[in-house]
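K.L.:
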Amino acid sequence: IITKVETDTTTKQQVSNNMTSLRAVRTEQDAQGEFVQRQVTVNNQHSARLTQDSTDIAHNSQRIDQNAKRIDETKEDLKRGLNNAAAMSSLHFNGNRDSWALSTGSANGEGAALAGGMQKSLTEHTAVTVQYSDSLSGGYMVGAGIHGDW
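Counting from 1, position 46 in the sequence shown corresponds to residue 46 in the UniProt record's numbering; the numbering is continuous, with no gaps.
1. If you run the structure through DSSP and keep just helix, strand and coil, what is S103?
2. Which residues does DSSP pair with V128 in a beta bridge?
3. So, using beta-carbon positions, are G116 and N83 closer together than 8 Å?
4. Cα separation between T27 and H46?
5. Residues in the same chain with beta-carbon distance under 8 Å from T41, minus the five sequence neighbours each way, listed in chain order, please.
6. Using CA coordinates, which residue listed in V25, Q131, Y140 and W150 is at the minimum distance from D123?
7. Between S111 and S89, how many whole angstroms is the CB-CB distance? I'm expecting something under 8 Å.
8. What is the residue span of the alpha helix (DSSP H) that G111 lies within?
9. In terms of alpha-carbon separation, which member of Y140, H147 and S133 lies closest to L127?
10. What three-state label does DSSP hand S16 in the structure shown?
11. Answer yes or no: do A113 and A86 have a C-beta to C-beta separation smaller than 8 Å?
12. From the DSSP secondary-structure annotation, give me the bridge partner or partners of D134.
13. Determine the contact status of Q131 and L91, defining contact as a CB-CB distance below 8 Å.
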């Protein structure tokens, strides 16, 4: 004996609706999965970029430190140069006669320099000068000149 069971239309409609809903859920899951995969890719790219940026920042920090050191060294060179210039500009000689001069100088009161020079008369109206200045901390200046009168 075979018994045939008939499903009523309401149940058939419910099953059909459920299948449609399941298909919609699967489609949404697929879409969400693709979105998640794209976000994982984006996150990995951002992570790599952060690593590179951190490396770049560390490199820039080293270069900034190197530049700060160079600026400090340049400032010290400038101080020595200014002290030497102050000392050398204070050297004065007597007319066109053989003479010598000593002087000292300081710029902004930061360190000092000692300068000395000689003048040699070539004629009654001309003389040559030689000058040297030392900041006593590693910097020096030298100069030579000729001058005359009428």
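Glycine included, C-beta positions come from ideal geometry on N, C-alpha and C.
P.N.:
Let me lay it out:
1. strand
2. K120 and I146
3. no
4. 29 Å
5. none
6. Residue 123 is actually Thr in this sequence, not Asp. Among V25, Q131, Y140 and W150, the Cα nearest to that of T123 belongs to W150.
7. The identity of residue 111 in the sequence shown is Gly, whereas the question assumes Ser. At roughly 16 Å, the Cβ-Cβ gap does not stay under 8 Å, so G111 and S89 are not in contact.
8. Here G111 belongs to no alpha helix (DSSP H), and DSSP marks it neither H nor E.
9. Reading off the sequence shown, one finds Ala at residue 127, where the question assumed Leu. The residue with the shortest Cα to Cα distance from A127 is H147.
10. helix
11. yes
12. L114 and Y140
13. yes
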